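Notes to accompany the following structure.
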Amino acid sequence: MIRMPTRRDVFLCWLLFTIAMAVVGWLLRASLPSALAWLNGALGADTVTVAMVATWCVGAFFAYRPLLRAFLAKRRRAAVRQ
């Protein structure tokens, strides 16, 4: 039986996700500074960072789709009961 994650679980998941994104960004800047500087210069200030965050958000949406559906279904059921 699959248990629904609590708000604490969801918060910790997003916190770990944010930390992982910061680490990935730091690793990319440390390992590819000239390439990232060139991309940022060519595309505009922090465009690469915004693109990375957008890509990770889309990936997280598809990875956590069952969680989101269950959360929204639970909210809909609670709204109907009221």
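Residue numbers (the numbering used here): 941 to 1022.
Glycine included, every Cβ here is placed at the ideal spot set by N, Cα and C.
These numbers were taken from a predicted model, which means no experiment stands behind them.
- Between the C-alpha atoms of Gly981 and Thr987 there is a straight-line separation of about 9 Å.
- No Cβ-Cβ contact shorter than 9 Å links Phe1001 with Leu1012.
- For Leu952, the uninterrupted alpha helix (DSSP H) segment begins and ends at 947-971.
- In the three-state DSSP reduction, Gly981 falls in the helix class (H, G or I).
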